[in-house]
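Residue numbers (the numbering used here), protein chains in the order written: chain A, 1 to 324; chain B, 325 to 512.
Ideal placement from N, C-alpha and C gives every residue a C-beta, glycine not left out.
Here is the structure we will look at, set down as structure tokens.
This is the structure we're talking about:
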């Protein structure tokens with residue numbers, strides 16, 4: 001098949017699947033969070049509140065689109081769209097099964113880090129364009145956080161790259177299918193690297209306990225303070241897409257993607273991705289928010305040095321021919 | 325290290341909670357039993373002859389701290405039931421939207437003409453629906469259960485204990501502070 005046709009077809013398929021998963025993910029999160037607090041969560045709209053996300057979306061889309069008088073209109077309108085594009089773009093190179101992948105780039109890991117790192121641009125565009133002090137403060141915090149946590153993220157992602165000798169994510173998954181999942185063996189660079197990856201991913205997608213860019217008690221809603229209606233929906237969606245795609249990336253890089261103990265295929269990838277997704281919600285509804293300085297200290301004095309050490313360990317493992 | 329322990333503890337707590345039975349009661353569908361002395365709205369009950377008991381003495385209007393009671397006295401007339409002369413009211417309006425539920429109006433009423441009722445108030449969709457005029461208050465008296473407290477009962481209950489006349493100057497102080505009569509048990 002022509003590569004462009006293949007990319008368009010599978011890209012649409014994967015994007016649709018991700019967006020539908022997110023609609024149900026919002027329902028699941030609300031139910032799960034409710035149960036954790038011994039509440040019921042949504043119960044009224046549809047059986048067990050299953051139609052709640054659609055009601056939410058309809059409500060959000062009906063709302064008036066308010067633009068602040070002194071806003072930078074261009075940036076203000078562009079930011080939500082860019083946010084969704086950047087977070088969905090990462091999904092292009094993730095192999096959901098040996099054949100279901102939008103574009104099998106040879107430098108998939110580079111693409112992921114680059115497009116994921118671009119998220120700071122819509123974030124700052126939103127913060128600056130809103131002409132609101134809370135939005136700007138939130139954006140500045142978000143950028144400080146994204147740039148800082150980009151470092152341990154890269155270091156953690158480099159561990160599977162070094163161990164498998166491939167920059168292509170489907171190559172990394174195929175290597176794990178032949179040998180071992182990196183979270184299992186070699187356990188010393190593998191599992192700690194996954195933990196660092198997980199923490200850095202939480203920080204990159206502004207999730208609790210690293211959600212200081214939109215700390216409700218300090219910054220109203222951070223960059224989304226001035227956004228309403230459809231544009232707010234896009235930001236909200238981008239955040240969930242980021243989380244889900246990050247989970248998929250973690251599953252592919254450290255848990256063998258579509259590989260499983262028996263019958264490898266799409267279902268294993270879906271299972272692993274959703275498990276990580278649930279783990280993120282579990283963390284989100286259990287922990288408190290870091291302070292900005294604690295966040296930076298964790299990144300620069302713990303995660304980054306450990307990440308460097310793990311990278312060296314994995315390089316040594318490959319050089320001295322560790323058993324695969 | 326302490327942080328890791330706390331994190332583990334927080335994660336464990338939420339996960340244990342997630343598998344517990346939720347404590348939520350879905351209010352409009354499930355109504356929890358009301359307390360025995362729960363009371364909300366008001367009513368203007370009849371006297372023993374089947375006439376409206378209120379004589380328009382304005383005591384409740386005067387004592388109301390939020391000034392939600394407005395009434396218009398109807399003057400004295402011969403009662404069509406007993407033939408005796410008594411006072412009537414023309415209008416009685418109680419605005420529940422500003423009522424604080426202190427029940428002072430009930431306490432000052434010497435003719436037991438205003439009582440609180442035990443059924444919860446029905447939510448209203450307009451402010452006007454919260455204004456209880458005479459018609460609504462009379463209907464409340466017929467449809468809803470009155471609470472135990474009426475003016476005379478409450479006054480009796482709160483009356484200071486009758487001090488015995490000290491015959492001798494050095495009466496023991498214990499006799500002066502006799503315990504207040506216990507409130508009668510609510511029978512609804």
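Alpha carbons only, please: which of 214(A), 104(A) and 3(A) is nearest the one belonging to residue 135(A)?
Residue nearest to residue 135(A) within the set 214(A), 104(A) and 3(A) is 214(A) (criterion: CA-CA distance).
On the CB-based measure, 16 or more other CB atoms within 10 Å of its CB, does residue 426(B) come out buried or exposed?
The residue in question, residue 426(B), is exposed, as its Cβ has fewer than 16 Cβ neighbours within 10 Å.
Outcome for residue 510(B) when other beta-carbon atoms lying within 10 angstroms are tallied against a minimum of 16:
Model confidence at residue 510(B) stands at a pLDDT of 49, short of 50, so the residue's coordinates are unreliable; what they give is reported in the following sentence. It counts as exposed.
So, is the C-beta of residue 43(A) closer than 8 Å to a C-beta in chain B?
Output row for residue 43(A): interface = yes.
Just checking: is the beta-carbon of residue 476(B) within a distance shorter than 8 Å of some beta-carbon in chain A?
Chain A, which has no Cβ nearer than 8 Å to the Cβ of residue 476(B), makes this no.
Starting from the C-beta of residue 82(A), find all residues in its chain whose C-beta is less than 6 Å away, skip the five residues before and the five after it, and write them out in chain order.
Residues of the same chain with a CB within less than 6 Å of the CB of residue 82(A), apart from the 5 flanking positions on each side, are 122 in chain order.
Residues that residue 346(B) contacts on chain A, provided the C-beta gap is smaller than 8 Å:
Residues of chain A with a Cβ closer than 8 Å to the Cβ of residue 346(B) are, in chain order, 34, 35, 38, 39 and 40.
Check whether chain B comes within 8 Å of residue 286(A), counting only Cβ atoms and requiring the distance to be less than that.
Residue 286(A) counts as touching chain B.
Burial state of residue 327(B), where buried means 16 or more other Cβ atoms lie within 10 Å:
With fewer than 16 Cβ atoms within 10 Å of its Cβ, residue 327(B) is classed as exposed.
Which two residues bound the contiguous beta strand (DSSP E) that contains residue 398(B)?
In the DSSP assignment, residue 398(B) falls within the beta strand (DSSP E) that extends over 393–402.
Suppose the cutoff is 8 Å on Cβ atoms and the five residues either side in sequence are ignored; what does the same chain contact list for residue 35(A) look like?
41.
Cβ of residue 469(B) less than 8 Å from any chain A Cβ?
Residue-level contact check: residue 469(B) does not touch chain A, since none of the beta carbons of chain A fall below 8 Å from its beta carbon.
How do the stretch 177–194 of chain A and the stretch 231–238 of chain A stand: do at least 3 beta-carbon pairs fall below 8 Å, yes or no?
With the cut-off at 8 Å, the stretch 177–194 of chain A and the stretch 231–238 of chain A do not touch.
Using three-state DSSP, classify residue 271(B) as helix, strand or coil.
Residue 271(B) is absent from the model: chain B starts at 325 and stops at 512.
Note the first and the last residue of the continuous beta strand (DSSP E) segment covering residue 370(B).
No beta strand (DSSP E) contains residue 370(B), which DSSP labels as neither H nor E.
Cα separation between residue 89(A) and residue 449(B)?
Computed Cα separation, rounded: 48 Å.
What is the DSSP secondary structure of residue 409(B), reduced to helix, strand or coil?
Correct three-state label for residue 409(B): strand.
Run of the alpha helix (DSSP H) containing residue 349(B), from where it starts to where it stops:
Residue 349(B): not part of any alpha helix (DSSP H); DSSP gives it neither H nor E.
Under 9 Å Cβ-Cβ, which residues of chain A neighbour residue 341(B)?
Chain A residues near residue 341(B): 35, 36, 37 and 38.
So, at 6 Å on beta carbons, what are the nonlocal neighbours of residue 126(A) in its own chain, with the 5 sequence-adjacent residues on each side left out?
The beta carbon of residue 126(A) sits closer than 6 Å to those of 79 and 223, all from its chain and outside the five residues before and after it, given in chain order.
Within chain A, partners of residue 335(B) - CB distance below 9 Å:
In chain order: 282, 283, 286 and 287.
Please report how far the alpha carbon of residue 171(A) lies from the alpha carbon of residue 347(B), in whole angstroms.
Rounded to the nearest angstrom, the two C-alpha atoms are 49 Å apart.
Please report how far the alpha carbon of residue 294(A) lies from the alpha carbon of residue 221(A), in whole angstroms.
Rounded to whole angstroms, residue 294(A) and residue 221(A) show a C-alpha spacing of 21 Å.
Could you compute how far the alpha carbon of residue 371(B) sits from the alpha carbon of residue 383(B)?
Per the coordinates, the alpha-carbon of residue 371(B) lies some 18 Å from the alpha-carbon of residue 383(B).
For residue 456(B), which beta-bridge partners are listed by DSSP?
Answer by DSSP bridge pairing, in chain order: 418(B).
Considering only C-alpha positions, which residue in the set 417(B), 339(B) and 403(B) is nearest to residue 385(B)?
Among 417(B), 339(B) and 403(B), the Cα nearest to that of residue 385(B) is on 417(B).
Could you please tell me which residues of the stretch 401–416 of chain B, in chain order, have their CB closer than 7 Å to any CB of chain A?
Those would be none; no residue qualifies.
Under the rule that 16 or more other beta-carbon atoms within 10 Å means buried, what is residue 468(B), buried or exposed?
Answer is buried; the Cβ neighbour count reaches 16.
I'd like to confirm the pairing. Which residues does DSSP put opposite residue 470(B) in its beta bridges?
Beta-bridge analysis with DSSP links residue 470(B) to 441(B).
Could you check the C-alpha separation between residue 363(B) and residue 43(A) for me, to the nearest Å?
So the alpha carbons of these two residues sit roughly 30 Å apart.
In the DSSP assignment, find the unbroken alpha helix (DSSP H) run with residue 159(A) in it and report its ends.
Boundaries of the alpha helix (DSSP H) around residue 159(A): 133–164.
Using a 10 Å radius around the Cβ and a threshold of 16 neighbouring Cβ atoms, would you call residue 225(A) buried or exposed?
It is buried - the Cβ of residue 225(A) has at least 16 other Cβ atoms within 10 Å.
Contact set for residue 470(B): own chain, Cβ-Cβ below 7 Å, skip 5 residues either direction
The answer, listed in chain order, is 367, 369, 439 and 441.
Where do the N-terminal and C-terminal ends of the alpha helix (DSSP H) with residue 448(B) fall, by residue?
In the DSSP annotation of this structure, residue 448(B) is not part of any alpha helix (DSSP H), being labelled neither H nor E.
Classification of residue 132(A) by the beta-carbon crowding that lies within 10 angstroms, buried from 16 upward
Residue environment: residue 132(A) is assigned as buried (16 or more neighbouring CB atoms within 10 Å of its CB, all protein chains considered).
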